[in-house]
Amino acid sequence: MSNDRPSCYPAPPDTLSSGSAHAPPPFLDVLTSPVPAGMFPSPVDHRHVLCLHLGEPVPVSYRAGRVERQGVRLHGQFCVVPAGSSTLWTMSHPARSLLLRLSPSLLRDTGEAMGLGEHHAALVPSIHIRDPQIEHIGWMMQAEDRDAYPSGRLFTDSLAAALAARLLALQSQHRRPQAPVPRALPTWRLNQVIEYIEAHLDQDLTLAELAAVAGFSVSHFKPLFREAVGKPAHRFVLERRVERARWLLQEARGSITEVAIEAGFAHASHMARCMRQVLGVSPSQIAGRDR
């Protein structure tokens, strides 16, 4: 992954990389950052940044442009700092924030897919917002980061697309343009995507990669694929990996660890967790059935 964070941020984890030195950075990344007491400007980032407050309530004041306000930051509340901008904060005591950094190109793509004009698809500064859907995305990204991203790029790309759509929906809730009716995903294009998935199950697939195979933008591809197969792309890929692993185990094509890697799981325990979730049995139970 390219080094695209302000220097004051911790270094990004290698586990978000898709394994290629030329792979594009993910649409969404996350880090937990300390917030010092006193006055400080938030870093100027080329990505949109959501700051979710962690821990006890903290009285704060902030200035965004000419607007200055005071309030109390509560656990799970977030503020929005659009790309290229900064907010001046005064903290009563040190705190911690969960920072979600979102690609502006994905937000623009999502706004286009939602039928929003350029003005309404632009992110605006906000503070002390509470939204259960965005909180849930934040906690899932936090868990992925803590566990070294076992679900891979496709899952975090899906979370990024959901985050972009929710942010724009919150901004435009008082003015809802008529969204265009999505086209159906042609069967031959769907088959191309499924064939690509089957041929690359052992790799860290991305949503942009699958969308390119289908010939759609990410924001158009995501709902079209779900409509065509009845489930989101990351869930479809997970179930195909489970099926691949079950076949390999039944055919005794390697150890449990070898099967996990060949089927595209991060490690054996990740495969075991997913198998229990999808099939209700463990890899060792599957491997021992026909022995």
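If you're matching positions, the sequence shown starts at 45 in our numbering and goes up one per residue. Beta carbons: idealized from backbone N, C-alpha and C, even for Gly.
Contacting residues, own chain, Cβ-Cβ under 7 Å from residue i (five flanking each side not counted)
{"i": "Leu142", "result": "Val74, Thr76, Leu96, Leu98, Gly182, Gln186"}
{"i": "Trp232", "result": "none"}
{"i": "Leu167", "result": "His92, Val124, Pro126, Leu151, Leu211"}
{"i": "Ala208", "result": "Leu146, Leu150, Leu151, Thr154"}
Between the CA atoms of residue j and residue i - distance to the nearest angstrom
{"i": "Phe280", "j": "Leu245", "result": "11 Å"}
{"i": "His278", "j": "Ser299", "result": "25 Å"}
{"i": "Pro327", "j": "Gly308", "result": "15 Å"}
{"i": "His119", "j": "Arg140", "result": "10 Å"}
{"i": "Gly159", "j": "Ala296", "result": "51 Å"}
{"i": "Leu192", "j": "Ala127", "result": "A small correction: the amino acid at residue 192 is Ala; Leu does not occupy that position in the sequence shown. If you take the alpha carbons of Ala192 and Ala127, they lie about 26 Å apart."}
{"i": "Pro221", "j": "Glu156", "result": "Residue confidence is low: Pro221 scores 46 on pLDDT, short of 50, so the model does not pin down where it sits. Its coordinate-derived value is still stated next. When rounded, the distance between both Cα atoms is 11 Å."}
{"i": "Val116", "j": "Gln294", "result": "57 Å"}
{"i": "Ser313", "j": "Gln321", "result": "12 Å"}
{"i": "Leu72", "j": "Met184", "result": "12 Å"}
{"i": "Ser86", "j": "Gln215", "result": "22 Å"}
{"i": "Arg113", "j": "Arg107", "result": "7 Å"}
{"i": "Leu234", "j": "Ala206", "result": "21 Å"}
{"i": "Gln247", "j": "Val273", "result": "21 Å"}
Check whether residue i and residue j have beta carbons under 8 Å apart
{"i": "Asp189", "j": "Ser261", "result": "no"}
{"i": "Ser129", "j": "Ala204", "result": "no"}
{"i": "Leu292", "j": "Leu249", "result": "no"}
{"i": "Ile178", "j": "Arg210", "result": "yes"}
{"i": "Ser170", "j": "Cys123", "result": "yes"}
{"i": "Leu132", "j": "Leu94", "result": "no"}
{"i": "Ala258", "j": "Gln236", "result": "yes"}
{"i": "Leu254", "j": "Tyr240", "result": "yes"}
{"i": "Pro138", "j": "Pro78", "result": "yes"}
{"i": "Thr200", "j": "Pro70", "result": "yes"}
Buried versus exposed, by CB contacts within 10 Å (16 or more), residue i
{"i": "His92", "result": "buried"}
{"i": "Val102", "result": "buried"}
{"i": "His90", "result": "exposed"}
{"i": "Val303", "result": "buried"}
{"i": "Ala228", "result": "exposed"}
{"i": "His311", "result": "exposed"}
{"i": "Ala243", "result": "exposed"}
Sequence-distant residues of its chain with Cβ nearer than 8 Å to residue i (five each side left out)
{"i": "Leu323", "result": "Val286, Arg290, Ile330"}
{"i": "Val136", "result": "The residue you asked about is not Val; residue 136 is Ser in the sequence shown. Closer than 8 Å at Cβ, skipping near neighbours: Ala81, Val102, Pro103, Val104."}
{"i": "Pro276", "result": "Ser202, Lys266, Phe269, Arg270"}
{"i": "Cys318", "result": "Leu282, Arg285, Val286, Phe309"}
{"i": "Val88", "result": "Pro50, Gly128, Ser129, Ser130"}
Neighbourhood of residue i by C-beta, 6 Å cutoff - its chain only, sequence neighbours within 5 removed
{"i": "Arg174", "result": "Gln121"}
{"i": "Thr134", "result": "Met83, Ser105"}
{"i": "Ile305", "result": "none"}
{"i": "Arg7", "result": "Outside the modelled stretch of the chain, which goes from 45 to 335, sits residue 7, for which no answer is possible."}
{"i": "Ser263", "result": "Asp153, Thr154, Ala157"}
Residue i: CB within 7 Å of a non-hydrogen atom of the ligand FAD
{"i": "Val303", "result": "As presented, the structure is devoid of all ligands, the ligand FAD included, so that no description of it is given."}
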